[in-house]
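Undergrad: Residue numbers (the working numbering): 1 to 65.
Yeah, the Cβ is synthetic: ideal placement off N, Cα and C, and Gly gets one too.
Right, here's the structure in full:
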């Protein structure tokens, strides 16, 4: 399962971006794809789903430090 760091997350607008550890790519995440509440800087694990505009993160969960 991929891991990464929440680079940006806007609770009001219900979206954000995660920087993927392996590639450094930034992928989009919607609130509907988040299992645990997340904040900027949180370490997370997630699954990726193909989307017409590029991959999106789903089933996003915080990794306990």
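(1) At what residues does the beta strand (DSSP E) containing residue 34 begin and finish?
(2) From residue 51 to residue 8, what distance separates their C-alpha atoms?
(3) Would you kindly report the start and end of the unbroken beta strand (DSSP E) that includes residue 10?
(4) For residue 63, count neighbouring Cβ atoms within 10 angstroms of its own Cβ and tell me buried if that reaches 16, exposed if not.
(5) Which of helix, strand or coil does DSSP assign to residue 25?
TA: Working from what's here:
(1) On the chain shown, residue 34 is found 34 positions in, with the first residue counted as 1. Here residue 34 belongs to no beta strand (DSSP E), and DSSP marks it neither H nor E.
(2) Here the question's residue 51 lines up with position 51 in the chain shown. Here the question's residue 8 lines up with position 8 in the chain shown. One C-alpha to the other measures close to 20 angstroms.
(3) To locate residue 10, count along the chain shown from 1; it is residue 10. Residues 3-10.
(4) On the chain shown, position 63 is the one that residue 63 refers to. Flag for residue 63 reads exposed.
(5) If you number the chain shown from 1, residue 25 lands on position 25. It is coil, neither helix nor strand.
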